[in-house]
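Asks: Residues in the sequence shown are numbered consecutively from 3, following the working numbering.
Yeah, the Cβ is synthetic: ideal placement off N, Cα and C, and Gly gets one too.
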Amino acid sequence: MKKRIVLSFICSLLSVCVLRAQTVEKIFPGVWKITSGQPEKHLPTDFKDAAAVTALSELPDRGAEPFDLRGVRFKDTPQGMVAELKMEVSEKIYGFGLQVNTFQQRGLRRDIRNNSWTVGNTGFSHASLPFYISSAGYGVLVNTARYVSFYMGSQHKTAQWAALAQSLKAESEQPGLLPAALYNRSYNPSNDVEIVVEGAHGMEIYVFDGPDMMRVMQRYNLFSGGGAIPPLWGLGLKYRAKTSFNDAQVMKFAQYFREKHIPCDMFGLEPGWHSNAYSCSFTWHPKNFPNPDSMLNTMHGMNYKLNLWEHAYIHPASPMFEEIVPWSGDYAVWKGAVPDFITKEAREIFETYHDKNLLSKGISAFKLDECDAADYALAHAEWSFPDIAQFPSGVDGVQYRQLFGLLYQKIIWELYRKNNRRTLLDVRASHLFATPYGSVLYSDMYNHGDYVRMILNSGFSGLNWSPEVREAASADDLIRRMQTTLMSAQMLLNCWYINNPPWFQYETNKNNRNEMLPNYLELEQKAKKMIEIRMSLIPYLYTAFAKYHFEGIPPFRSLILDYPDDKEVWGIQDQYMMGDNILCAPFIDGASERIVYFPAGTWYDFNSGKAYEGGKRDTIRMTLDEIPMFVKEGTILPLAAPVEYITPKTVLNITCRVYGKPAQPTMLFEDNGETFDFEKGDFNWVELSWNKNKGTVARKGKSKNRLYKVEKWVSII
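1. Can you list, in chain order, the residues of its chain with a C-beta nearer than 8 Å to that of leucine 690? Leave out the 5 residues immediately preceding and following it.
2. Identify every residue that forms a DSSP beta bridge with glutamate 27.
3. I want to know whether the region 384-401 touches the region 336-350 - three or more CB-CB distances under 8 Å.
4. Going by CA-CA distance only, name the one from Pro504, Asp78, His203, Met216 that's closest to isoleucine 135.
5. If you draw a straight line from the C-alpha of leucine 427 to the C-alpha of proline 664, how long is it?
6. Would you list the one or two residues that DSSP bridges to alanine 642?
7. Assign histidine 263 to buried or exposed, taking buried as 16 or more other Cβ atoms, counted over all protein chains shown, within 10 Å of its Cβ.
8. Does the region 572-581 come into contact with the region 539-556, if we say contact requires no fewer than three beta-carbon pairs (one atom in each stretch) closer than 8 Å?
9. Any idea what DSSP makes of methionine 518, helix, strand or coil?
10. Tell me the rounded alpha-carbon separation between threonine 425 and serine 192.
11. Under a CB-based cut-off of 8 Å, is arginine 708 close to chain B?
12. Does DSSP put glutamine 401 in a helix, in a strand, or in coil?
13. Whole angstroms is fine: what's the gap from isoleucine 414's alpha carbon to aspartate 607's?
14. DSSP on aspartate 591, reduced to helix/strand/coil?
15. Please return the same chain residues whose Cβ sits closer than 7 Å to the Cβ of aspartate 374, not counting the five positions on each side in sequence.
16. Name the two residues that bound the continuous alpha helix (DSSP H) containing methionine 216.
17. Just to confirm, is the Cβ distance from glutamine 411 to leucine 370 under 8 Å?
18. Using only alpha-carbon positions, find the residue among Ala348, Gly338, Ile365 that is nearest to tryptophan 385.
19. One question on the structure: do glutamate 635 and threonine 677 come within less than 8 Å of each other, judged by their Cβ atoms?
20. Following the continuous beta strand (DSSP E) through threonine 621, name the residue where it begins and the one where it ends.
21. Go ahead and label cysteine 13 buried or exposed: buried means 16 or more other beta carbons lie within 10 angstroms of its beta carbon, across all protein chains shown.
22. How long is the line joining the alpha carbons of glutamine 257 and asparagine 695, rounded to whole angstroms?
23. Give me the Cα-Cα distance between aspartate 564 and arginine 221, rounded to the nearest whole angstrom.
24. Within its chain, find whatever has a CB closer than 8 Å to the CB of proline 41; leave out the 5 residues flanking it on each side and keep chain order.
25. So which of Phe30, Glu196, His317 has the shortest CA-CA distance to phenylalanine 210?
26. Between which two residues does the beta strand (DSSP E) holding tyrosine 96 run?
27. Compute the minimum distance between the beta carbon of phenylalanine 552 and the heavy atoms of the ligand GDP, and state whether it is under 7 Å.
28. Along the chain, where does the alpha helix (DSSP H) containing tyrosine 453 start, and where does it finish?
29. With DSSP collapsed to three states, give me the class of threonine 47.
30. Roughly how many whole angstroms lie between the Cα atoms of aspartate 568 and serine 362?
31. Tell me the rounded alpha-carbon separation between leucine 9 and leucine 21.
32. Below 8 Å between beta carbons: does that hold for isoleucine 648 and glycine 683?
33. Among residues of its own chain, excluding the 5 on either side of valine 571, which ones have a beta-carbon nearer than 6 Å to its beta-carbon?
34. Starting from arginine 22 and walking both ways along the beta strand (DSSP E), at which residues does that stretch end?
35. Considering only residues of the same chain and omitting the five flanking positions on each side of tryptophan 498, which have a CB-CB separation below 7 Å?
36. Kindly provide the ranges of any beta strand (DSSP E) runs that are 3 or more residues long and lie completely inside the region 414-501, ordered along the chain.
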């Protein structure tokens, strides 16, 4: 009887599931591709840059596969393609893109879907990626633009019935279970990973070997093409003005920063610069900006880089509209056409218009908004095309939703590349293989703790994240938030709906009534100091991004990538590394005290030079004037004298702080700070060495560019 039941059960499975064979191919040292079934027409790899082959080949390769790749089982089901693999009991799982709610992902179901609103804890995100990495030293990537569900040990198969039955029997012997206990039974952890690609009849999986997690991320980033190096000015402050501002109001605030000598490199204009926004015309508002060329010339004369807000839904009044409609999807968004950037025709129309009308006018960057959709956040509003949409390239709405942000930033980045000008873009959505594009993800929807967690998760994803600042709950909260954005990929003040800088007034309504805080001048000075610290870190940050390009090392990352053998860091989601030598420990929500864990070695307080012993936790107290950064022993930290803005003629005067007794020199990346000429070898590595209480500087390279002048050495013991 039992055999008959089992056979019946197996037959029912076979009637809906077809087991698929697979091929396994080693395509680079430490990188394998597993293929099963019918490949999809458009895959994310179709749109990625060429791999950094030389750098990939130079990474150590242990030769063996990280796990039994041929043991991965594939099934073709009515839902789509399913892959099954195993984890070891001890493995921790991280990644899945820019996750908001969670850091360690084992035991969870992750639904990979780009969306601006993180509904519950499902896996939705601005950049939800079908890519995870394991503490066992490997990464798994599913090469698809369809929706993917990952069951990371969260489900329990019938083979586990014996263990489940024993657990339930023990529970049944407990008297009077409360309702909460009925719904929150703790099962034995599962070691199964099941991956479902909806609607697909084939699957490609890429596996990236370590042997540690840092190597995994290096391989992924180099396979993507290597990290983007932003222009030097992209590492300064970006201030985004209120969307309703006209040219006179823009000039008033541009003058404010210069008169107060508050550093500011980038000035952003929000939707109000368009004659039509939501959808966009890409033409200047005739009333608010009657003479845009004159305004732009004045702003450029004040050494501002202009950043313009837009989204890629084309208004019927736009000069592009008639030409681009045939190369757009069959559903409108905000009554605008949605161009299919997979097609050459849509790309060329969009590029040509931007090049002729905006880049040629000196626009330095763009904020690429609303490409992440928000159908769950605002069910009554039109903020996306539906999943059933069709596009001329042959993709449907599901695939284009996932790819839209990636394709959007790629088209703008490559346009700047054609002009041999680097840029730093803001973008609201991204996908796999975005590492080579100079973009920073952003949103104004999150609390301070979420912002910090997303910095850590960005390092598992080949992405940059900006915890922007606008209003705050208190003066202390404002300054602590500014410190966090200082310690991120982009220092951004997004004041799109307030009249004044947030240090004038952190409450939105009062700010818009121009009611200043009694101590706003004091807060202004504290904010200025934070921005000046950011400017002093530019040589260090610029070099971190260069290592991202050449070596694939994420510039901002979880401690677990640097200290994989330290179990204490496996769950830490409110501290992270900025570059190789600075540990950041943000104070959340205006706090002045927190516990900081220090990994092995000695760490020095950036503010006071006080030393902390590694391998333990300390309670740290800091005033609002102190920045929560700690420098690793053995570091030569190059700090620039703050400048108010970066120009092609800027030379940064550097003081080198020497922490402890450095065994190795520190290298600084140096080029012209603006173009892609470094890809042709036009750059230097500037070597900073400390020996017998004396510092030396040596340049290695053929470039005639000189970004740095070392003026002083200071020993911190």
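Replies: Here's the rundown:
1. Ile638, Pro640, Cys658, Pro667, Thr668, Met669, Leu670, Gly697, Thr698, Val699, Val712
2. Lys35
3. yes
4. Closest option to isoleucine 135, Cα to Cα, is Met216.
5. Cα to Cα, the separation comes out at about 36 Å.
6. Ile656
7. exposed
8. yes
9. For methionine 518, the secondary structure class from DSSP, reduced to helix, strand or coil, is coil.
10. Cα to Cα, threonine 425 sits roughly 46 Å from serine 192.
11. The chain labelled as chain B is not found in the depicted structure, where only one protein chain is given.
12. Helix at glutamine 401.
13. 40 Å
14. helix
15. Excluding residues within five positions, the ones whose Cβ falls inside 7 Å are Asn116, Asn117, Ser118, His128, Gly407, Arg430, Ala431.
16. Start and end: 215-226.
17. Their beta carbons are under 8 Å apart, which means glutamine 411 touches leucine 370 by this criterion.
18. Gly338
19. no
20. 618-623
21. Here cysteine 13 scores only 40 on pLDDT, less than 50, and its place in the model should not be relied on; the value that follows carries that caveat. By the neighbour-count criterion, in which 16 or more other beta carbons inside 10 Å mark a residue as buried, cysteine 13 falls on the exposed side.
22. 44 Å
23. 15 Å
24. Gly204, Glu206
25. Phe30
26. 95-99
27. Although the ligand GDP was asked about, the structure shown includes no ligands whatsoever.
28. Residue range 450-460 is occupied by the alpha helix (DSSP H) that includes tyrosine 453.
29. helix
30. 52 Å
31. Unreliable placement is indicated for leucine 9, whose pLDDT of 41 sits below 50; the coordinate value is still reported in the next sentence. C-alpha separation (whole angstroms): 17 Å.
32. no
33. Around valine 571: Leu561, Ile562, Tyr565.
34. Unbroken beta strand (DSSP E) run through arginine 22: 20-22.
35. Arg242, Lys244, Thr245, Glu272
36. 427-429, 441-444, 493-496
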